[in-house]
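See below for the structure under consideration.
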Amino acid sequence: MSNILKEKLENAEQTVLFGQRLSKACELATCIYLHGDLGAGKTTLTRGFIQGLGHVGNVKSPTYTLVEPYELADWQVYHFDLYRLSDPEELEFMGIRDYFGETSHSLVEWPERGVGFLPNADIDLTLVYVGEQREITLQANTENGLRVLNNL
């Protein structure tokens, strides 16, 4: 099994659907780093992921709060957006380590801004525009990440 998976996503709806598929493929607590330019679809994919686990309602971007928690039936999901983080040490003050447990999935936008304070990612997920479509690339970095890609 390859540790890289690539797919084309024609529109935002397919991005949400891929997020739903991804959530169902995560059998263990999973940390996913989300890479891509502003507007590439990171929050759209996260919305699908969270809804795929049963959340009903809005999924908002945590741009100003740094993290949005979602308490679901079987999981806690933490959606981080570190775009506005001025110093990675701020993560230590907010108790970042407490968010990464055995019953939680974490999706982290702009993870490079939290270097040194974030755990290693099971999956690095990158969204880029190719014409009017998006291309998604997932790279598994751990055994858990490989399991997720295999489940997809």
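Position 138, counted from 1, in the sequence shown is what the working numbering calls 186; the numbers after and before it change by one each time, with no gaps.
Every residue gets a Cβ at the ideal spot worked out from N, C-alpha and C, and that includes glycine.
Only exposed fits Glu58, as fewer than 16 other CB atoms lie within 10 angstroms of its CB. If you check the CB distance, Tyr131 and Val125 do not come in under 8 Å.
In the structure shown, the three-state DSSP call for Tyr131 is coil. Asp172 is bridged by DSSP to Tyr81, Gln187. Cβ-Cβ separation between Gly67 and Leu93: approximately 4 Å, consistent with a contact (criterion under 8 Å). When rounded, the separation of the alpha-carbon atoms in Ala121 and Phe97 is 14 Å.
Taking C-beta separations shorter than 8 Å and ignoring five residues to either side along the sequence, the partners of Met142 in its chain run Leu114, Val115, following chain order. Secondary structure note for Ile98: its alpha helix (DSSP H) is the uninterrupted segment 90-100. As far as DSSP is concerned, Gln62 takes part in no beta bridge. Partner residues in the beta bridge of Gln124, as assigned by DSSP, are Glu119, Ser152. It is roughly 12 Å from the alpha-carbon of Ile144 to the alpha-carbon of Val163.
With fewer than 16 other CB atoms across the displayed protein chains lying within 10 angstroms of its CB, Lys54 is exposed. The beta-carbon distance between Phe148 and Cys79, rounded to whole angstroms, is 6 Å. This is short enough to meet the 8 Å contact definition. Less than 8 Å divides the Cβ of Glu157 from the Cβ of Asp129.
Sequence-distant Cβ neighbours of Ala60 in its own chain, meaning closer than 6 Å and more than five residues away, are Thr92.
For Leu53, the enclosing beta strand (DSSP E) starts and ends at 52-57.
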